[in-house]
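To start, the structure under review is shown below, and the notes come after it.
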Amino acid sequence: MSHENTVKENTEARKIQLKNFLKANGLGDIEPEDAVKMAFMSEYKTLSPSAKRGYVNAKQFFNAYNFNTSGEFEYHHVAWRSLFVPTEIMYAMNLIPYTTEMVASQLAMAGASSERIETAEGSNFSGDLCSFMKTVAGGVIENIFPTPDILLTSTHICDPSAKYAEIASHVYKRPEFVLDIPYGIYDLYRNKKNKADEKRIEEAVEYVTEQFYEMIEFVTQKTGLELDEKKLKQICKWTNEARKYLDEGNNIILYERTSSKKGIKELDYAANLMQTWGTEEIVDVYKSRYEDYKKNQHEKREITVPRIAWFHLRPYFKNQLMSYLDEKIEISGSQVNFVFFDELDPEDPVRSIARRTVMHPAYSSVMARTTIAIDKIPEDTSGIIAYYPKSCRHFHGGAIMENEMFKKAGIPILTIDGDCVDDRGDDFPIVKTRVDRFLKAISK
Amino acid sequence: MKKTGWFCTYTPVELIHAANTIPYGIRNDSKAEHEDVLLGDSMCSYVRSCMGGALTNAYDDLSGVVIAHSCECMRRLSDGWAFRQNQIKPKLIHILDIPKIVTESSIKFFAGSLKRLKNDLENEYGPISDESIFESIEKYKTTRILFTQVEDMRKNIDSAVTGLEVEELVNDYFAMPVEVFNEKLKKFIDEKKDLKSDDLKPRIMIAGGPGNKSLIKAIEEAGALCVCENMCTGSRAFAGTYGDEKDPFELLARLYLEKNPCPRMLGEKSRYKTDELPRLINDYKVDGIIYFSMKFCANMQMDWALLKNHTDIDIPMKVIEGDISSEINEREVYSFVKRLKKRKKKNES
Chain A
1 MSHENTVKEN TEARKIQLKN FLKANGLGDI EPEDAVKMAF MSEYKTLSPS
51 AKRGYVNAKQ FFNAYNFNTS GEFEYHHVAW RSLFVPTEIM YAMNLIPYTT
101 EMVASQLAMA GASSERIETA EGSNFSGDLC SFMKTVAGGV IENIFPTPDI
151 LLTSTHICDP SAKYAEIASH VYKRPEFVLD IPYGIYDLYR NKKNKADEKR
201 IEEAVEYVTE QFYEMIEFVT QKTGLELDEK KLKQICKWTN EARKYLDEGN
251 NIILYERTSS KKGIKELDYA ANLMQTWGTE EIVDVYKSRY EDYKKNQHEK
301 REITVPRIAW FHLRPYFKNQ LMSYLDEKIE ISGSQVNFVF FDELDPEDPV
351 RSIARRTVMH PAYSSVMART TIAIDKIPED TSGIIAYYPK SCRHFHGGAI
401 MENEMFKKAG IPILTIDGDC VDDRGDDFPI VKTRVDRFLK AISK
Chain B
445 MKKTGWFCTY TPVELIHAAN TIPYGIRNDS KAEHEDVLLG DSMCSYVRSC
495 MGGALTNAYD DLSGVVIAHS CECMRRLSDG WAFRQNQIKP KLIHILDIPK
545 IVTESSIKFF AGSLKRLKND LENEYGPISD ESIFESIEKY KTTRILFTQV
595 EDMRKNIDSA VTGLEVEELV NDYFAMPVEV FNEKLKKFID EKKDLKSDDL
645 KPRIMIAGGP GNKSLIKAIE EAGALCVCEN MCTGSRAFAG TYGDEKDPFE
695 LLARLYLEKN PCPRMLGEKS RYKTDELPRL INDYKVDGII YFSMKFCANM
745 QMDWALLKNH TDIDIPMKVI EGDISSEINE REVYSFVKRL KKRKKKNES
């Protein structure tokens, strides 16, 4: 299909898809233009740092359905993105990423994920598949997501996400490019014994760099969009700046103290999963967060509630657990906000993005990623709460080993087997009993 | 002679053989799934069987293992094995990362991984020459040629080869020295080549990943014939076309990555799989497909949804979800076979 016809077909499809999306969220009576205007009623600069983050995400979300923030039509080239596909190159090619896991959590927040899950389960998707991807699969069947121009997938970390993109490519009849990311390079980096190991790390970086160039060529061939190299340099500078503010903000809450109310909103930054790396707006979001924490920074005081480092994500559906925890604990760090990468090199952007990609510590052994946490978590942290969906083989499957390692290092940990988007098995009283017991134990 | 364990059919066993050890394919027979106290209940039953086996000395006669990073469950198996290394006897652990796409770059990169595997094997077992690798390649090439002959016999409508017989052969391949297995294959072919069956039963293909050891038995006892096992404990273990690379690592990398794909594969290779299925149905004259989808294997589960929802296959397909060692619901199999019999009769009339 020609680029022109794809644009034409997508334009028509997305009009219906946004209406369907609103209907699925119980907003079927609202015209899409009005829904967009309602989402952006507050002026951006008046918002809290966390609300700014939400604003940027909402803007990109509606852009994917061809609306700008004023509710007017504006065509955007959309790339369906599986988690961990770097976004900087997409922005430098004028592509809007559409990260399906993020949309699944949005649906959960609106109380609209379980119905999508049931749609998927009724259409040959197994009950024990990742609930994020079942939400997405249901949404695709119900035609509520914008038809992408292209799909960019990565083998990083999560099997179901990459496999589902393949199905989405069949459904939408749009081309898919798959990035193959070598596993365990971070382990090799930590344990390197000789020059052969160093060489292998560089081979992995080279392998992924080559694939990025192939991906750029593929996008150009399939959409007509070209890489703006000058823009990519600027984008890398924004990523570096955002990285700096994110890291400084993290350091204040992890090693110092701030009276800024963080609560569960701190978890919602989920920086390492976000599709906003490489935008100018995300610099402002992390800068505002840092400035807010810095402004209210004070000396270490006597601990009144336990300081907890949070691992993985939280339940996004309406639940009692997080509001209960908001009163009982202080979040002193979040695993998914951890700055794991060095600055990008704007003079060699593609290679430095490849290096960051292959060196992702989450795509390494449980032992490596746990050792980082043991090294980073300060002694005055009371403990860790890890919230792992049972359908996540990657994180849930490492929980027992992780527990042993933390206990050996003298860091108490509570692992909650839960779900982030599927509320059908949510049982607060049982989880509360475990949380209370844990908090009592660490208070001693 | 020393033995080295392997888990996934993307592991080039030729290198293990060239190290002068017997490659031993670890299957679903540790009987110790419940002994996995390390990885937890969100893992597939194959990985739990392997981990449980390792923790209960089931693999003590192995000198080492090559754990393929083929999926997220195998990733955690490699962690568990390394984490409990002091309690597990096989000394060598090599984690072999396997690309999920097939391109010239991925073949080259995988060849680099195989060189690292060779280095680790040499450290444990002594030097491995290119000549010895090529000698091993020749032996396994013979296996592939012979197994293809068995598969060709099964394509005939009056084939006298049963699924249970082939299952036994595959089991032997996983456990026996290749030299012994090749002789066994030759003998099997000699015995079967002139035999014909006049009992024309519904012909079933099993698809999926590692199978369940009761499944073929249940299908054939229900009155059907398994003619093709498109799975890693079936024809996929013997698939592949040899290139003319002079470098043995590149030759093996291409052979293994380009073979008929497992559900783990992505990109063009995975798309090829959906196109390949109609060809297999045609070649083997298949009347129905049973997809054995292992619980907690996202790759198989997604693959099933893709096949069922998005491919044009005009023969009945049925999914059976289960564990590698769980009981098979025989009534479920029986009713599917009954449906195929009715359909076959209707088509013939």
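As given, the protein sequences belong to chains A and B, one line each in that order. Residue 1 is where the first sequence starts when you use our numbering, and the numbers rise one by one after that. Residue 445 is where the second sequence starts when you use our numbering, and the numbers rise one by one after that. We put the CB at the ideal spot given by N, CA and C, even for glycine. For clarity, every value in this text was computed on a predicted model and none was experimentally measured.
In the structure shown, LEU699 (chain B) falls within a helical segment according to DSSP collapsed to helix, strand and coil. Neighbourhood of ILE759 (chain B) in chain A, by CB distance below 7 Å: empty, with the nearest CB roughly 17 Å away. Assignment of beta-bridge partners to ASP541 (chain B) by DSSP yields B:HIS513. Between ASN600 (chain B) and the set B:CYS517, B:LYS661, B:PHE578, B:SER641, the nearest pair of CA atoms involves B:SER641. Rounded to the nearest whole angstrom, the CA to CA distance from PHE428 (chain A) to ASN319 (chain A) is 8 Å. Listed as beta-bridge partners of ALA309 (chain A) by DSSP are A:GLY333, A:ILE384. Between the alpha carbons of LEU561 (chain B) and THR223 (chain A) lies a gap of roughly 41 Å.
Within the segment 137 to 184 of chain A, the complete beta strand (DSSP E) segments of 3 residues or longer fall at 150 to 154, 176 to 179, listed in chain order. LEU482 (chain B) and PRO705 (chain B) have their C-alpha atoms roughly 30 Å apart. In summary, MET102 (chain A) is buried, with 16 or more beta-carbon neighbours lying within 10 Å of its beta-carbon over all protein chains present. Pairing ASP523 (chain B) with SER365 (chain A), the inter-Cα distance amounts to about 6 Å. Taken in chain order, the members of the segment 371 to 397 of chain A whose beta-carbon sits within less than 8 Å of a beta-carbon on chain B are LYS390, SER391, CYS392, ARG393, HIS394, HIS396, GLY397. With a contact defined as Cβ atoms closer than 8 Å, GLU248 (chain A) and TYR207 (chain A) miss out at about 33 Å. Around the beta carbon of GLU74 (chain A), a 10 Å sphere encloses fewer than 16 other beta carbons of the protein chains shown; the residue is thus reported as exposed. The beta carbons of LEU536 (chain B) and HIS513 (chain B) sit no closer together than 9 Å. Using a CB distance cut-off of 9 Å, HIS478 (chain B) does not count as an interface residue toward chain A. It is roughly 28 Å from the alpha-carbon of GLY449 (chain B) to the alpha-carbon of MET649 (chain B). The segment 262 to 280 of chain A makes contact with the segment 48 to 66 of chain A: 3 or more CB pairs, one atom from each, lie closer than 8 Å. Just measuring C-alpha positions, the residue of A:PHE406, A:ASP380, A:HIS360 sitting nearest ASP187 (chain A) is A:HIS360. In the structure shown, THR6 (chain A) falls within a helical segment according to DSSP collapsed to helix, strand and coil. Look at the segment 125 to 147 of chain A: the residues with a C-beta under 9 Å from a C-beta of chain B are PHE125, SER126, GLY127, ASP128, LEU129, CYS130, MET133, ALA137, ILE141. In its chain, beyond the 5 residues on either side, TYR316, CYS420, VAL421 have a beta carbon closer than 7 Å to the beta carbon of SER105 (chain A). Contact residues of the segment 356 to 367 of chain A toward chain B are SER365, VAL366, MET367 (C-beta to C-beta distance below 7 Å). Nearest to ASN296 (chain A) by alpha-carbon distance, out of A:GLU43, A:LEU273, A:VAL178, A:SER259, is A:SER259. Closer than 8 Å at the C-beta level to chain A, one finds these residues of the segment 498 to 524 of chain B: HIS513, CYS515, GLU516, CYS517, ARG519, ARG520, SER522, ASP523, GLY524. Put simply, of A:GLU210, A:PRO346, A:ARG434 the residue whose alpha carbon is nearest the alpha carbon of TYR387 (chain A) is A:ARG434. Note that the segment 550 to 559 of chain B does not touch the segment 573 to 585 of chain B; fewer than 3 beta-carbon pairs, one per stretch, sit closer than 8 Å. Taking C-beta separations shorter than 8 Å and ignoring five residues to either side along the sequence, the partners of GLU226 (chain A) in its chain run MET93, THR220, following chain order. A check of alpha carbon separations from GLY508 (chain B) across B:ARG520, B:PHE736, B:ASN464 identifies B:ASN464 as the nearest. Only those residues of the segment 164 to 177 of chain A whose C-beta falls short of 9 Å from the nearest C-beta of chain B are listed: TYR164, ALA165, GLU166, ILE167, SER169, HIS170, VAL171, GLU176, PHE177. DSSP links ASP417 (chain A) through a beta bridge to A:TYR388. For GLN320 (chain A), the secondary structure class from DSSP, reduced to helix, strand or coil, is coil. DSSP, reduced to helix, strand and coil, places MET359 (chain A) outside both helices and strands of the structure shown, so it counts as coil. DSSP places MET597 (chain B) in no beta strand (DSSP E) but in the uninterrupted alpha helix (DSSP H) bounded by 574 to 599. Contact between PRO148 (chain A) and ALA79 (chain A) holds: CB atoms are separated by about 6 Å, below the 8 Å threshold. Contact check for PRO306 (chain A) and GLY418 (chain A): beta-carbon distance about 19 Å, past the 8 Å limit, so the pair fails to qualify.
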